[in-house]
Ligand code: PHE
Ligand code: ZN
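In this note's numbering, the protein residues as written are 719 to 1614.
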């Protein structure tokens, strides 16, 4: 990172910033090197003879020269078909055996003399040996596929790049008993019985698509089915396919799909374009879900939900992911990506679309706060660490590593800013134009920006920096109060990130209001746009003692730095009419106190004063009769230790400060004790009010959210009382939200009730993998002093396996997110995560590589832990058998 500042690296290229690229480093792919593919593939025919451990694939490609390709005669003749672990059993061109081919690494190269040809290649694959879960694999006796980003090349030799669009016809044949249901993209156009208990089906997808959207499923499945009628009156058959035992848990997914279909018609004018929409749930899946055309494949976690097994938050997640994948039908499938550097074109936009949908379904304020919390927990640290990259990266070694919070969540924030700048109606004009202009194409982020300029009437020249620059801008605020107005001087600065030593100012839209502490009415809101590095804005005062409310609704993904007095923050927390601003003021109050305390800057008096201010603000929230309980729960939430880590590690250059997770944890726990003691009466009163609300009472949801939060304060201040409360709640629970909430409190306590309830929970749900995942997670996340030993023991539990990504994440992602366990001062937590990476890498590299980033925080942490983390990264790097995925992440994390 340091060399990035020196004049020897004037280009700002991350690769040049790496001191000595090791010979093991996989090659770099660069955005600027994009070239069209020399061939078009208008039609593709795939023929599968299915078997769990031996599947024969015959792929027939109609190819013709691409007039848009410019190159030498040789380049024009060369058809490069990507493969990964494949060998060709047979190659035919235009119906005859063909010899003019060669291998280049794992790609197959064919030289074709004429304008158009038919190429047929036969391969064999073993789905049951596929533990990477990319390509065609077996999961619980069924066969399914995952092709994004580069999985199709594990199935057939093909130009496996998103700008090669083809119509697919897929025939599959297999044992009818093993695979009674045969699905692929599009519509079923034929089926029949064969010899020896075989049957077959043929599917055709009329919409040209890139290979990453191909899907096939074969298995013993049943569907929950209900048609949706589109606004133009077409009936769409909607199916949620699951194993029979799971059928009763699919209603919510199906209803969510219908809601999403309707919403997209109303909000974005987008109608569905096939007569069939299939969703299949599989229990082995690397990600959340996949938007394959007409045949989404989902992680069971985002399909199955009923009150006995899923929490309120799980229900929300199912609804959100179902909607997300559905929305991809337009933002991703009808308009796809030219190359993987454009990933945020589909992902950022689609995340924004699903966020807006969920806001409409369940209330804007709470959903916005949740989304900002996710951004701060996952994306801000990424932007501040060694893996920082722009939402449109310039280079990568392994594309799987770029399915990040930056591309997804910051990408959504960037498009949300365009919406703020344009206004809702103009934004819609922009998206209409975008869909209209690029329907059926593989587009770029630049295409999206241009459509916004032309359709929404925005001028986005400077705005394009948001696509190019990594790092979270910091905006400092200075205020000067005049007789009738307030002048704000705003300064923006984006810290340097790997490969990007200098940054320019970006346009930052800020919703803002000037309140008065001594006036009953609140100030009016307006939107200002900070464009320069430094700019002043004069706003009218609405009364004496002005208090500025800024970045309301979190209109810009930036960090606001300002020295607001405690009284002002308390005022905003209690009174602001923007719910996000209230939340933010509470967070600021707590962050300010906790970071100062963790840095050792507070004497006894200052410490007591800080706690008193928080007590007063918290009391106002606990007792405010106007607040609904879901929002109350948001306001009560103390900033997470990750967020405090970011705040404590802020500053750069000689002002750089390092985070001390141990001190953060202790101070935060102390604050919980103080609140539990000082507000005992208020907390109890609140608990008593919500404890026994019936499950289906409309107020029930907010109440369920509050209970474990209240109990968590008591867990710190009065563990015995908390154990009693939580045990009672657990025993009386008639739903998973209450049961899991209670168990999460118990898990952190050294109480007998902990063991008895953990056992009861396990026994009740031992046949439900998703709930057993929760059982692992609750223990891995707990505040228990013995958490490391407990996680170690859980890894030896008969239900634990490295082969199922949900299970791996349920134990180890949870543990890596447990500040007390992961940051254990002796380094045992770091070692455990490094061990997992090494063990998982040969099984599932994509999932293994996702565990690297927690260790990448070493540069911003106090020196003792920094050395321990770094040495674990080095230990991983020393392995000479690393996957491309893990190798890239580890080198970036160690690079100077
Ligand atoms: N494209 C999927 C989504 O965001 C995510 C995904 C990526 C799934 C890669 C699988 C593999 O909706
Ligand atoms: Zn997506």
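Think of the CB as a built atom: it goes at the ideal place given N, C-alpha and C, for glycine as much as any other residue.
Classification of residue i by the beta-carbon crowding that lies within 10 angstroms, buried from 16 upward
i, result
"residue 907", "exposed"
"residue 815", "exposed"
"residue 821", "exposed"
"residue 1598", "exposed"
"residue 910", "exposed"
"residue 1426", "buried"
"residue 763", "buried"
"residue 984", "exposed"
"residue 736", "Any reading at residue 736 needs caution, since the residue's pLDDT is 44, under 50, leaving its predicted position unreliable; the model's value is listed next. Under this definition residue 736 is a buried residue."
Unbroken alpha helix (DSSP H) run spanning residue i, endpoints
i, result
"residue 1144", "1142 to 1156"
"residue 1230", "Residue 1230 -> not in any alpha helix (DSSP H); beta strand (DSSP E) instead, spanning 1226 to 1234."
"residue 981", "969 to 986"
"residue 1524", "1523 to 1526"
"residue 1593", "1581 to 1596"
"residue 1443", "1437 to 1450"
"residue 1163", "1163 to 1174"
"residue 1481", "1470 to 1483"
"residue 1100", "1098 to 1102"
"residue 1495", "1487 to 1498"
"residue 1465", "1454 to 1465"
"residue 1565", "1563 to 1567"
"residue 1328", "1322 to 1341"
Residue i to residue j span [Cα, whole Å]
i, j, result
"residue 956", "residue 1492", "29 Å"
"residue 837", "residue 778", "6 Å"
"residue 720", "residue 1105", "In this predicted model, residue 720 has a pLDDT of only 36, less than 50, meaning its place in the structure is not dependable enough to derive any value."
"residue 1059", "residue 1110", "6 Å"
"residue 803", "residue 851", "14 Å"
"residue 747", "residue 1114", "5 Å"
"residue 728", "residue 1219", "Note that residue 728 scores 37 on pLDDT, short of 50, meaning its location in the model is unreliable; the coordinates nonetheless yield the value given after this. For residue 728 and residue 1219, the distance between alpha carbons rounds to 9 Å."
"residue 817", "residue 775", "20 Å"
"residue 974", "residue 1037", "5 Å"
"residue 1206", "residue 1185", "27 Å"
"residue 1010", "residue 930", "8 Å"
"residue 1070", "residue 1064", "10 Å"
"residue 1429", "residue 1118", "40 Å"
"residue 756", "residue 1252", "48 Å"
"residue 872", "residue 888", "17 Å"
"residue 1360", "residue 1215", "20 Å"
"residue 1126", "residue 914", "48 Å"
"residue 1476", "residue 1528", "16 Å"
"residue 1330", "residue 1177", "48 Å"
"residue 819", "residue 839", "12 Å"
"residue 1454", "residue 1411", "15 Å"
"residue 1230", "residue 1130", "21 Å"
"residue 1141", "residue 1133", "12 Å"
"residue 1413", "residue 1025", "9 Å"
"residue 1601", "residue 744", "9 Å"
"residue 752", "residue 1139", "31 Å"
"residue 1358", "residue 876", "46 Å"
"residue 1081", "residue 1417", "14 Å"
"residue 791", "residue 827", "15 Å"
Residue i - partner residues in DSSP beta bridges
i, result
"residue 1357", "The partner list for residue 1357 (beta bridge, DSSP) is empty, contrary to what the question assumes."
"residue 890", "766 and 919"
"residue 1264", "1234"
"residue 1258", "1203"
"residue 927", "884"
"residue 1210", "1193"
"residue 1014", "997"
"residue 1248", "1226"
"residue 1055", "1161"
Cβ-Cβ separation, residue j to residue i (assumed contact under 8 Å), whole Å
i, j, result
"residue 1270", "residue 1289", "Actually they are not in contact, since the Cβ atoms of residue 1270 and residue 1289 sit about 15 Å apart, beyond 8 Å."
"residue 707", "residue 806", "An answer regarding residue 707 cannot be provided, because it is not within the stretch 719 to 1614 covered by the chain."
"residue 1520", "residue 1490", "At roughly 15 Å, the Cβ-Cβ gap does not stay under 8 Å, so residue 1520 and residue 1490 are not in contact."
N- and C-terminal bounds of the beta strand (DSSP E) containing residue i
i, result
"residue 1277", "1277 to 1279"
"residue 937", "934 to 937"
"residue 783", "773 to 783"
Closer than 8 Å to chain C by CB, residue i
i, result
"residue 1124", "Structure shown: chain C not included; a single protein chain is present."
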